[in-house]
Amino acid sequence: MQAYILNRLVLAVATVFFVATAIFFMVRIIPGDAVFTQLQDAGHITPEQILEIKKRLGLDDNALVQLFNWYKGILLHGDFGISFVTRAPVVTGLIDSIPVTVELVIFAWTISLFLGITVGTISALKPNTPVDYFARLISIFGLSVPEFVLATVIILVLSKYIGWLPPIGYHALLDDPWANIRQYFIPAILMGFSSSSTNMRITRSALLEVIRQDYIRTARAKGLAESSIIIRHALKNALAPVFTLAGTQLARLLGGTVIVETIFTMPGVGTWILQGINARDYPVVQTAAIFLATVMTIMNLIVDVSLKWLDPRVKY
Amino acid sequence: MATSNTASEVLANARPTKKLDLWKGFKTFARRQPIGMICAFIIIGVIITAIFAPLIQPYGETDVVARRLEAPSAKHLIGTDDIGRDVFSRTVNGARVSLMAGVIAVAIGTASGAVIGISSGYAGGRTDLYIQRFVDAMLSMPSLILAMVLVTIMGTGLINSLLAIGIILIPTQSRIFRSSTLSIKQEMYVEAAKAIGASTPRILVRHIFPQVLPLIIIVASAAVAVAIIVEASLSFLGLGVQPPTPSWGNMLSGPGRAYLETAPWLVMGPGIAISITVLAYNMLGDALRDVLDPRLRGSRR
Numbered sequence: 019m020q021a022y023i024l025n026r027l028v029l030a031v032a033t034v035f036f037v038a039t040a041i042f043f044m045v046r047i048i049p050g051d052a053v054f055t056q057l058q059d060a061g062h063i064t065p066e067q068i069l070e071i072k073k074r075l076g077l078d079d080n081a082l083v084q085l086f087n088w089y090k091g092i093l094l095h096g097d098f099g100i101s102f103v104t105r106a107p108v109v110t111g112l113i114d115s116i117p118v119t120v121e122l123v124i125f126a127w128t129i130s131l132f133l134g135i136t137v138g139t140i141s142a143l144k145p146n147t148p149v150d151y152f153a154r155l156i157s158i159f160g161l162s163v164p165e166f167v168l169a170t171v172i173i174l175v176l177s178k179y180i181g182w183l184p185p186i187g188y189h190a191l192l193d194d195p196w197a198n199i200r201q202y203f204i205p206a207i208l209m210g211f212s213s214s215s216t217n218m219r220i221t222r223s224a225l226l227e228v229i230r231q232d233y234i235r236t237a238r239a240k241g242l243a244e245s246s247i248i249i250r251h252a253l254k255n256a257l258a259p260v261f262t263l264a265g266t267q268l269a270r271l272l273g274g275t276v277i278v279e280t281i282f283t284m285p286g287v288g289t290w291i292l293q294g295i296n297a298r299d300y301p302v303v304q305t306a307a308i309f310l311a312t313v314m315t316i317m318n319l320i321v322d323v324s325l326k327w328l329d330p331r332v333k334y
Numbered sequence: 119m120a121t122s123n124t125a126s127e128v129l130a131n132a133r134p135t136k137k138l139d140l141w142k143g144f145k146t147f148a149r150r151q152p153i154g155m156i157c158a159f160i161i162i163g164v165i166i167t168a169i170f171a172p173l174i175q176p177y178g179e180t181d182v183v184a185r186r187l188e189a190p191s192a193k194h195l196i197g198t199d200d201i202g203r204d205v206f207s208r209t210v211n212g213a214r215v216s217l218m219a220g221v222i223a224v225a226i227g228t229a230s231g232a233v234i235g236i237s238s239g240y241a242g243g244r245t246d247l248y249i250q251r252f253v254d255a256m257l258s259m260p261s262l263i264l265a266m267v268l269v270t271i272m273g274t275g276l277i278n279s280l281l282a283i284g285i286i287l288i289p290t291q292s293r294i295f296r297s298s299t300l301s302i303k304q305e306m307y308v309e310a311a312k313a314i315g316a317s318t319p320r321i322l323v324r325h326i327f328p329q330v331l332p333l334i335i336i337v338a339s340a341a342v343a344v345a346i347i348v349e350a351s352l353s354f355l356g357l358g359v360q361p362p363t364p365s366w367g368n369m370l371s372g373p374g375r376a377y378l379e380t381a382p383w384l385v386m387g388p389g390i391a392i393s394i395t396v397l398a399y400n401m402l403g404d405a406l407r408d409v410l411d412p413r414l415r416g417s418r419r
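Written out as structure tokens, the structure is:
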């Protein structure tokens, strides 16, 4: 087990390194871009000006030298570079935006699991009834309607009939806890609903399979209460795939907040990345790649290890 | 077994030469999956709309034809936008971008995914190991972010966003093809082909590929919905199709959101169009999978 975890950790580090290096070179394929974004307000541009900006941004060296310097900064000083736009260390931008995204994702994840498992269970207990059809329709609806369409409809309905408007400006948790939680409400429900579809489908199909097993028949024959059969015996086994997926889903939610954050003007990681991409802010894009790849690989590792721990039959 | 019959039927149907079987498979599908059939018709409708958009749309998609923000009327079915363009015409024309995302991006993704997956699985050993680590790396980036980065590098616009969407589809597609190839590789007839001295390309094309073909249909049909959503998301974020060219994604951003309360019809057309299209693709994908491969039932993603 230890050897396996160690092996996977080495692989994870290699993956993150590979992703970061690939992104590093990819953003430099068109080296003029960052410079021109910086100069877009200036009218006439002389070659000297371009050279000067390149020097200031650290883009005048050979790409390999730049890569070496970048990694040296990260490994020796934890310095991921300076943002081209804000001129502040990139890490500050990331650290400022992480709490927003994490809070949003935790709410959304909880809603997604709760909704998915509840609806999936109800659906599986009454297969091929109107309740089941309705639940499945809702789930495929959640899977199909893009988040930005759903968000637009929600904002439209709420603003027209309740007079609710998406909050402008962000309230920090410590400054005003109630305002803070309130502004997460709608976006979290939205993201939770969208991702609950997968949970619902998996719960339903897994539970349908488990209910047909012999030990459930035995439990019924023993005269156990139906609720106890479902919760203690059936769900316990049926939820294994759901929880396996939940870890991956958490990582996916963390990387998938761009749209919701943009719509609800939340200063999270997604907004930060989008701004970085739009401004051709290479250090931001590179650091974002490292962050996201790290989150993904670590979540995958945790999922695999906990799966092994939950079910000793799993072999690698 | 009834199910295996269906699978081989559909396999045969994939070859356009057997017309009779195609009709039979079509009837079987319509009987077993009526909802899937309705969805197929919706999709055909969307495709026809996209192809014949210039004939269907009453006005040019970028022409200013009326006063700005006019409410829906008989003349302008879903009103006009912030500079007086006909929203219905723009929505109809936007189907073209979606269709291109669904066809071109998915073709790029599935074809490359199939080539990479099949060769990785068949080669095995070190080659397989390296290719799979590469796929791991691609999978470790959230797909929308990867698409955003790719589009930024290649430049915004329709062609580049289609290419980016195709690329982000590759890792998941190739995984599916690889695992299928791994099991087919063990089959007796592959060994037999090897024993009589068939070349590797011949084995891949004549023996492995036909077995993977039904999978391609399922995988591609599921990917279409993803491609359409990612394209719309990119356009929504301003990284895909650039205005004034209409796409369902960019119609929902900018003016659409600015005038949300006073002129909700700006977002209604494209919003409903994309929702129904993706819904139809997803439900058709489910129906196809139930018919083609019952083992995969309920295991989306």
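Protein chains in written order, with our numbering: chain A, 19 to 334; chain B, 119 to 419. Note that the Cβ used here is the ideal one computed from N, Cα and C, for glycine as well. Values in this document were obtained by computation on a predicted structure and should not be read as measured data.
Check the Cβ of residue i against every Cβ in chain B and list those closer than 9 Å, keeping chain order.
i	result
Ile248 (chain A)	What Ile248 (chain A) touches in chain B: nothing, since even the nearest Cβ is about 19 Å away.
Ser177 (chain A)	Leu378 and Glu379
Arg298 (chain A)	Thr270
Pro148 (chain A)	Neighbours of Pro148 (chain A) on chain B: none; closest Cβ ~15 Å, over 9 Å.
What in chain B is Cβ-close to residue i, meaning under 7 Å?
i	result
Thr139 (chain A)	What Thr139 (chain A) touches in chain B: nothing, since even the nearest Cβ is about 14 Å away.
Ile41 (chain A)	Val267
Ser245 (chain A)	Here the premise fails: no neighbours, minimum Cβ distance about 24 Å.
Ser115 (chain A)	The contacting residues do not exist; Ser115 (chain A) stays about 14 Å from chain B at best.
Ala307 (chain A)	Met259
Ile199 (chain A)	Near Ile199 (chain A) there are no residues of chain B at all, since even the closest Cβ is about 25 Å away, more than 7 Å.
Candidates the options: which alpha carbon is nearest residue i's?
i	options	result
Leu75 (chain A)	A:Phe35, A:Glu279, A:Ala311 and A:Asp299	A:Asp299
Val302 (chain A)	A:Trp327, A:Ala38 and A:Ala197	A:Ala38
Val183 (chain B)	B:Gly197, B:Pro373 and B:Thr395	B:Gly197
Asp204 (chain B)	B:Gly154, B:Leu402, B:Val385 and B:Ile392	B:Val385
Val396 (chain B)	B:Ala381, B:Leu378, B:Ile347 and B:Glu379	B:Ile347
Val224 (chain B)	B:Ile286, B:Phe147 and B:Ser261	B:Ile286
Asn211 (chain B)	B:Met401, B:Gly315, B:Pro361 and B:Ala381	B:Pro361
Ile295 (chain A)	A:Leu27, A:Phe35, A:Ala30 and A:Met44	A:Met44
Asn198 (chain A)	A:Leu85, A:Asp150 and A:Pro285	A:Pro285
Ser141 (chain A)	A:Ser223, A:Phe309 and A:Phe166	A:Ser223
Leu155 (chain A)	A:Val137, A:Glu121, A:Gln293 and A:Glu227	A:Val137
Ile207 (chain A)	A:Tyr179, A:Arg230, A:Ile172 and A:Ile234	A:Ile172
Gly68 (chain B)	B:Gly356, B:Lys145, B:Ser301 and B:Ala398	Any property of residue 68 (chain B) remains undetermined from this structure, which presents chain B solely from 119 to 419.
Val123 (chain A)	A:Ile229, A:Leu29, A:Ala258 and A:Ser214	A:Ser214
Thr110 (chain A)	A:Ser162, A:Gly96 and A:Val120	A:Gly96
Ala310 (chain B)	B:Ile326, B:Ser297 and B:Ser298	B:Ile326
Ala219 (chain B)	B:Leu281, B:Ala381, B:Ser297 and B:Leu402	B:Leu281
Ser162 (chain A)	A:Asp114, A:Ser212, A:Leu191 and A:Asp232	A:Ser212
Tyr202 (chain A)	A:Val118, A:Gly265 and A:Pro259	A:Val118
How should residue i be labelled, buried or exposed, when 16 other C-beta atoms within 10 angstroms of its C-beta is the threshold for buried?
i	result
Asn25 (chain A)	exposed
Gln267 (chain A)	buried
Ile249 (chain A)	exposed
Val323 (chain B)	exposed
Trp196 (chain A)	exposed
Thr305 (chain A)	buried
Asn146 (chain A)	exposed
Arg415 (chain B)	Note that Arg415 (chain B) has pLDDT 48, beneath the 50 cutoff, so the model's placement of it is unreliable and the number below is only indicative. With fewer than 16 other Cβ atoms within 10 Å, it is exposed.
Gln304 (chain B)	exposed
Arg219 (chain A)	buried
Gly239 (chain B)	buried
Met317 (chain A)	buried
Asp193 (chain A)	exposed
So if DSSP puts residue i in a beta bridge, which residue, or which two residues, is it bridged to?
i	result
Asp204 (chain B)	B:Thr198
Ile92 (chain A)	According to DSSP, which records beta bridges pairwise, Ile92 (chain A) is partnered with nothing at all.
Val182 (chain B)	B:Arg203
Pro107 (chain A)	A:Ile100
Could you work out which residues of chain A lie near residue i, taking near to mean beta carbons separated by less than 8 Å?
i	result
Gly389 (chain B)	Val167, Thr170 and Val171
Ala255 (chain B)	Thr33, Phe36, Val37, Ala40 and Ala311
Under 8 Å between beta-carbons, which chain B residues line up against residue i? List them in chain order, please.
i	result
Ser130 (chain A)	Ordered by position in chain B, no residue passes the 8 Å Cβ test against Ser130 (chain A), which lies about 14 Å from the chain.
Would you mind telling me which residues of chain A sit closer than 7 Å to residue i, beta carbon to beta carbon, in chain order?
i	result
Phe159 (chain B)	Here the premise fails: no neighbours, minimum Cβ distance about 17 Å.
Pro382 (chain B)	Leu174
Arg375 (chain B)	Thr170
Can you pull the chain A residues whose beta carbon is under 9 Å from the beta carbon of residue i, in chain order?
i	result
Leu370 (chain B)	Pro164, Phe166, Val167 and Thr170
Val385 (chain B)	Val167, Thr170, Val171 and Leu174
Residues from the region 276-293 of chain B in contact with chain A, defined by Cβ distance under 8 Å: none
Listed in chain order, which residues of the region 389-410 of chain B have Cβ atoms closer than 7 Å to some Cβ of chain A? Gly389, Ile392, Ser393, Val396, Leu397, Asn400 and Met401
Beta carbons nearer than 7 Å to chain B: which residues of the region 268-287 of chain A have them? Arg270, Gly273, Gly274, Val276, Ile277 and Thr280
Could you name the residues of the region 336-358 of chain B whose beta carbon sits closer than 8 Å to any beta carbon of chain A, in the order they occur along the chain? Ala343, Ile347, Ala350, Ser351, Phe354, Leu355, Gly356 and Leu357
Can you pull out the residues from the region 65-96 of chain A whose beta carbon lies closer than 9 Å to at least one beta carbon of chain B? none
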